[in-house]
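Undergrad: Protein chains in written order, with my numbering: chain L, 1 to 298; chain E, 1 to 701. We treat Cβ as the ideally placed atom computed from N, Cα and C, and that holds for glycine.
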Amino acid sequence: MSDDRARLLDPHFVSKLARLDLRARLVVEGFLTGLHRSPYHGFSVEFAEHRQYMPGDPLRHLDWKVLAKSDRKYLKQYQEETNLRAHLLVDTSASMGYGSRGISKLDYARQLAASLAYLVLGQHDAVGLFAFAAGRGEQIPARSTMGHMRPLLLLLDRIRPAGGTDFTASLHALAERITRRGLVVILSDLLDEPEKIKQAIHHFRHRRHEVLVFHILDPQEVAFDFEREAVYVDVEGGERVSTRPRELRDDYRARVREWRERLRSICIEKRADYVALTTDIPYDRALLEYLGKRSRLL
Amino acid sequence: MPILSFLNPGFLWALPVASIPLLLHLLSRRKLPEVPFPMTTFLRALEPREIRRIRLREILLLILRTLALLLLVFAFARPALTPADAVTHAAVAVGLLLDDSESMAAIEEHGHARIAEAKARASALIEASRAGDVIAVAYATRGEAPARERGDDRVRLRRALERVDAAPRPARIAASLASLRRSLERSPLSAREIYVVSDFQRSNWDADARAEIGRAAAAGTRVYLVPVAAVNLPNHAFEAIDPDVRPGPEGRGLELRARLVNHADAPSDRIAIRLRDGDALIGGGDVSLRAGERRWAAMPMEPRRGGDSSAASTHVTAEMDADALPTDDVWYGVLGPPRRLRVLRIVEARGGSPPRFAALALDPTGTGATGFAVQDESPAALLTLNRARADVVLLEDVAALSGDAETRLRAFLRDGGGLVVALGPHSDPDYYGRRLFPGMIDLSLQSAEQAGQGGGLELRARIAAHPILEGLTVAVGAPLSQARLTGLVRGAVTSPRAEVVVQTSGGLPVVVAAPRVAVFLSSLADDWGELPYSGAYVPLVRGLVSHAARAESSAPAELVVGLPPRARLESAPAGAIRVRGPADYVSAATVESEGTGYRAVALDAAQAPGFYEFDADGRPLATVAVNLDPIESDLAAIPADSIRAAAATSQRVTLLESAAALQRHLRASRRGEELWLPLLLAGALLLVGELLLASATKLRA
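(1) Excluding sequence positions up to five away, which residues of its chain have a Cβ less than 6 Å from the Cβ of L/HIS203?
(2) Could you tell me whether any Cβ in chain E is nearer than 8 Å to the Cβ of L/SER38?
(3) Return the chain-ordered ranges of every beta strand (DSSP E) run that is complete within the segment 607 to 657 of chain E and spans a minimum of 3 residues.
(4) Going by CA-CA distance only, name the one from E/ALA411, E/VAL261, E/ARG154, E/GLU162 that's closest to E/VAL595.
(5) Using the three-state DSSP reduction, which class does E/SER353 fall into: helix, strand or coil?
(6) Would you say L/TYR98 reaches chain E, if we count a Cβ-Cβ gap shorter than 8 Å as a contact?
(7) Under 8 Å Cβ-Cβ, which residues of chain E neighbour L/ALA230?
(8) Please state whether DSSP places L/ILE197 in a helix, a strand or coil.
(9) Say whether the segment 470 to 482 of chain E touches the segment 430 to 439 of chain E, bearing in mind that this needs 3 or more beta-carbon pairs closer than 8 Å, one atom from each stretch.
(10) Distance, Cα to Cα, E/ARG664 vs E/ARG670?
(11) Run through chain L and tell me which residues come within less than 7 Å of E/ALA661, C-beta to C-beta.
(12) For E/ALA726, go through chain L and note every residue whose CB falls closer than 8 Å to its CB, in chain order.
(13) Residue range of the beta strand (DSSP E) that L/VAL241 falls in?
(14) Mind reading off the beta-carbon distance from E/PRO720 to E/GLU674? Whole number of angstroms is fine, and I expect it under 8 Å.
(15) Should L/THR279 be flagged as near chain E, meaning a C-beta pair shorter than 8 Å?
(16) Would E/PRO21 pass as an interface residue toward chain L - the criterion being a Cβ-Cβ separation below 8 Å?
(17) What residues in the segment 187 to 201 of chain L have a beta carbon less than 8 Å from any beta carbon of chain E?
(18) From E/ALA498, E/LEU419, E/ALA266, E/VAL512, pick the residue whose C-alpha is nearest to that of E/LEU459; which is it?
(19) Could you name the residues that DSSP lists as bridge partners for E/LEU325?
(20) Could you work out which residues of chain E lie near L/PHE132, taking near to mean beta carbons separated by less than 7 Å?
(21) Quick one, are the C-beta atoms of E/LEU635 and E/LEU233 less than 8 Å apart?
(22) Against chain E, does L/VAL241 count as a neighbour if the rule is that its beta carbon must be under 8 Å from one of theirs?
(23) Tell me whether L/GLY56 is buried or exposed, calling it buried when 16 or more other Cβ atoms sit within 10 Å of its Cβ.
(24) Could you pull the DSSP bridge partners for E/MET301 from this structure?
(25) Using 8 Å as the cut-off, can you tell me whether the segment 8 to 24 of chain E makes contact with the segment 211 to 218 of chain L, which would need three or more C-beta pairs spanning the two stretches below that distance?
(26) Regarding L/GLU247 and the ligand MN, is the C-beta to nearest heavy atom distance less than 7 Å?
(27) For L/ASP273, which three-state DSSP category applies?
(28) Taking the C-alpha atoms as reference points, what is the distance between E/ILE3 and E/ARG78?
(29) What residue from L/ASP280, L/TYR118, L/LEU154, L/ALA131 has the CA that sits closest to L/THR145's CA?
(30) Take E/LEU335 as the anchor and find which of E/GLY143, E/ALA216, E/ARG246, E/ARG215 has the nearest alpha-carbon.
(31) Have a look at E/LEU443, E/LEU26, E/ALA124 and flag the residue whose alpha-carbon is nearest the alpha-carbon of E/ARG158.
(32) Can you tell me which of the three DSSP states L/PRO219 falls into?
(33) By Cβ distance, which residues of its chain are closer than 7 Å to L/ALA113, with the 5 residues on each side in sequence left out?
(34) Any beta carbon from chain L within less than 8 Å of E/PRO9's own beta carbon?
(35) Pair every Cβ in the segment 248 to 268 of chain E with every Cβ in the segment 285 to 293 of chain E, then say whether three or more of these pairs are closer than 8 Å.
(36) Looking only at DSSP bridge pairs, what is E/ARG566 linked to?
As structure tokens, then:
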């Protein structure tokens, strides 16, 4: 991958761009460009095939560009008919606002969600968005038109970290609400009881949804590289722990590893996909995971 | 229960310093930064175990630091533990008995005199005194009321101590202790101590001295015995010079007799003796002494006046090689003109000439050249006996004496004459034992006894160092010669005043001596054995006669340093008598009659050994020699066990065997057992422990 493309996929670089839509486009284009030159072929990245216009077909599906170029009338074959519906679930709890290196987990999730939405819509798939925290959530139903990016981006731009992470009630409600089978993409730090998360995933799976979990953590939450003795204050509950990081570091890391393995095991058990991410990992990995999932589904 | 006190209590104001670690700990905890962190749940899950470990380590470090500071502050405050009954907190009346007798001049193996060591220990005691303490210092040679000094006048006490030196006098321990004890008992202070700093010479530390220790302890005084003699030093010394000078062997020159003693466990070989008259060397010789031997030794002498028998007295200074105690290696003697001993030999004619073995032994040539002039007489000659005629009467195998003769003989003895009785086959044991000997010599006689057929009575020395045996080199129990007696008169001494000098191998007395009297319980002829033919005969006979002619003591007890000099005068002096002596000694003297003459006694005691001259109106009357008391020559101390036994009689008597023991005692009793060093070490150890624990924490991190 060239330096420019690597930069487009680097969360820290991307985060410096002012507009979310621009950032999403750059990420996806950078990703796709790299993908063409990678051994990862086989993904269908073109639009769905055209079919000739027949009188009576809705004109809104007419491919005007083709008409302008070739003076032929063709209808775009939208994914909505044959492709999946992706539902992006973004955790907006207060803990997602934590970032030790200039980019918070929510920023990372926001950018990833925007990139995923752009990628999905570019493939004529439908994408919806659900931003949730404990006791609240905002939803944008899935649509497959590129114009759907705007409300998605507006919501993504607007969301702020607040509230607790006890979001499983919101997920259960959402599972009930989504009637059509699709792909549920969860972007969260999953700071909740693993059993509740398991139940939520199970609910989606019971509804015959596919689940892809992006477990987003800050590097400091994984490494705990603090040096000074300090009072560590929980960003959601306000719990205070005074400790010396040196004394706990090894045990803490072991516990985090165990926790992640537990979540991975839960996802495997429920036949969901689990991707462990930290905010310093470039977005292409996440996008690649999505595409892999999509290809397995179709 | 010991009492804790502080010698530098001002440092206790620094105790709050020990709170610094706690304050720093509290301050550091307050200033912890707050860090938002979403995963505190994981930290809380770990916390109980880790935090407990962290807090335990923090608490331990806090304790170590606080304790270390506390210990350091206490160490600087100089805590001291004292026994509850110590004198630390009370003024104390201290009696210091310093032994300044002649033996304290002995040089120890380390090269310092005992008196120097004693003064050092006394100085330590003075330095340890505090304001309010009363110190009384007594000197063992004085036996007088001790000087009383205030405890805060240490300067004056120290100066007085610096002037002290070993005196040429013997110690009077019992009297000095008694005086010191009474002085302390008059003190209003309830706490009283006596320190006895001495070499504990066995000749000084008699039963009376030990009894005084017990009296002091019984009166509530704590007594501390401070010995300064490290080892028993060997020492040889003069003890006397015979003032009678006799012609030398073979009649050539003169011969001086000196009594020497070897106070040592090893022999002293070839002790060189030098005889001087002023600066002139007039004689001398080498003497070898066995371990512990005391004997008379004769050595040749040529007086400056050419040995003229009519010359006036000779002032002789005898010197020997200096040893551990140099002061007793010099002896002063005033020798009379050389003279022959006039021996009146009383024998009985029994048909034929009586044997003359004894006469020939004394004066073989009949010229008196040997120093003995012998005149043979019958018992009737005793009726005109007087001191002008003879010096010694020799009764040889005389059966008995008439009453008048006996009376004259007793008067002769009273006038200073001497008597030798040689028994024999004709002697009446009953007469001698019941009539003549009583009042002369405490000797009872039984019957004559003959040795068995073919046997003989071997003569053995019982008192080998007795002057009678001076001419013989024998050891105690050794035979005098191979000659044996075939008969003797069985006798027994009836009091210690009579000494058995020679006895048979069976324990029968053969030679018995008393002052001015010697008895030979056998025959000096060959009718009771072959003794006259032995080599021991001549020295034995001469020894018997010389002993009888000698005064009771060749070193009158009164002619010693510390007592007024005395002199015998033949006539009453005209005018006041003045006595002059060494070290600018000048004294008047009194005169008293004594026998047929007079005795002049100085008013002041002699302070130094040497010659003291008596004169009246410038006319010399007499010169006497004053010497050091020989009792101080035996430097051996009483056994350490005896000292400890004296200490063990009472809990109030303590032995402080060394300078270090004295220092420890003074520290403990005056200032208490100081604890600063163990506290300092403990504090340092705690700091090392804190350092190691803190470093281990960092390494682990």
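TA: Inspection of the coordinates gives the following:
(1) Taking the first sequence and counting its residues from 1, the one referred to as residue 203 of chain L is at position 203. Answer for L/HIS203: HIS172, ALA175, listed in chain order.
(2) For this step, residue 38 of chain L is matched to residue 38 along the first sequence. Because L/SER38 sits at a pLDDT of 48, beneath the cut-off of 50, its placement in the model cannot be relied upon, and the following sentence gives the value as read from the coordinates. Not an interface residue.
(3) 610 to 616, 619 to 626, 653 to 655
(4) Here residue 595 of chain E refers to the residue found at position 595 when the second sequence is read from its first residue. In the sequence as presented, Val is not what sits at residue 595 of chain E; that position holds Gly. If we check each option's Cα against that of E/GLY595, E/ALA411 comes out closest.
(5) Taking the second sequence and counting its residues from 1, the one referred to as residue 353 of chain E is at position 353. Correct three-state label for E/SER353: coil.
(6) Position 98 of the first sequence, counted from the start, is the residue given in the question as residue 98 of chain L. L/TYR98 counts as touching chain E.
(7) As a working mapping, residue 230 of chain L is identified with position 230 in the first sequence. Correct list: LEU32, PRO33, GLU34, VAL35.
(8) Your numbering for residue 197 of chain L matches position 197 in the first sequence. Note: L/ILE197 maps to helix in three-state DSSP.
(9) no
(10) Within the second sequence, numbered from 1, the residue matching residue 664 of chain E stands at position 664. Within the second sequence, numbered from 1, the residue matching residue 670 of chain E stands at position 670. Taking the straight line from one Cα to the other gives about 10 Å.
(11) As a first step, residue 661 of chain E must be located in the second sequence, where it is residue number 661. The contacting residues do not exist; E/ALA661 stays about 56 Å from chain L at best.
(12) Residue 726 of chain E falls outside the range modelled here, since chain E spans only 1 to 701, and no answer is possible.
(13) Reading the first sequence from its first residue, position 241 is the one you call residue 241 of chain L. Start and end: 240 to 243.
(14) Residue numbering for chain E in the displayed model covers 1 to 701; residue 720 of chain E lies beyond these limits and cannot be assessed.
(15) Locating residue 279 of chain L in the first sequence gives position 279, where the first residue counts as 1. Closer than 8 Å to the CB of L/THR279 there is not a single CB belonging to chain E.
(16) Residue mapping note: residue 21 of chain E aligns to position 21 of the second sequence, counting from 1. False, the Cβ-Cβ gap to chain L never drops below 8 Å.
(17) ASP189, LEU191
(18) On the second sequence, residue 459 of chain E is found 459 positions in, with the first residue counted as 1. Considering only alpha carbons, the answer is E/VAL512.
(19) Taking the second sequence and counting its residues from 1, one reaches residue 325 of chain E at position 325. Answer is none; E/LEU325 lacks a bridge partner.
(20) Along the first sequence, one-based indexing puts residue 132 of chain L at 132. Correct list: empty, because the minimum Cβ distance to chain E is about 17 Å.
(21) Taking the first residue of the second sequence as 1, we reach residue 635 of chain E at position 635. Taking the first residue of the second sequence as 1, we reach residue 233 of chain E at position 233. Contact check for E/LEU635 against E/LEU233 passes: the beta carbons are separated by less than 8 Å.
(22) Taking the first residue of the first sequence as 1, we reach residue 241 of chain L at position 241. Output row for L/VAL241: interface = yes.
(23) For the purposes of this step, residue 56 of chain L is identified with residue 56 of the first sequence, where counting begins at 1. That one is exposed.
(24) For the purposes of this step, residue 301 of chain E is taken as residue 301 along the second sequence, with counting starting at 1. Per DSSP, E/LEU254, E/GLY283.
(25) Result no; under three Cβ-Cβ pairs closer than 8 Å.
(26) Of the ligands one can find in the structure shown there are none, so the ligand MN has no counterpart to examine.
(27) The residue you call residue 273 of chain L lines up with position 273 of the first sequence. L/ASP273: strand per DSSP, three-state reduction.
(28) Within the second sequence, numbered from 1, the residue matching residue 3 of chain E stands at position 3. Within the second sequence, numbered from 1, the residue matching residue 78 of chain E stands at position 78. Cα to Cα, the separation comes out at about 14 Å.
(29) What you label residue 145 of chain L is simply residue 145 of the first sequence in a count that begins at 1. When each option's Cα is compared against that of L/THR145, the closest is L/TYR118.
(30) Taking the second sequence and counting its residues from 1, the one referred to as residue 335 of chain E is at position 335. Considering only alpha carbons, the answer is E/ARG246.
(31) Within the second sequence, the letter at position 158 stands for residue 158 of chain E. When each option's Cα is compared against that of E/ARG158, the closest is E/ALA124.
(32) Counting from 1 along the first sequence, the entry for residue 219 of chain L is found at position 219. Three-state DSSP puts L/PRO219 in a helix.
(33) The residue given as residue 113 of chain L occupies position 113 in the first sequence. Taken in chain order, the residues that qualify are LEU88, VAL90, LEU129, LEU156, LEU187.
(34) Translated into the one-based positions of the second sequence, residue 9 of chain E becomes position 9. With 8 Å as the cut-off, E/PRO9 does not count as an interface residue toward chain L.
(35) yes
(36) Here residue 566 of chain E is taken as the residue at index 566 of the second sequence, counted from 1. Per DSSP, E/VAL601.
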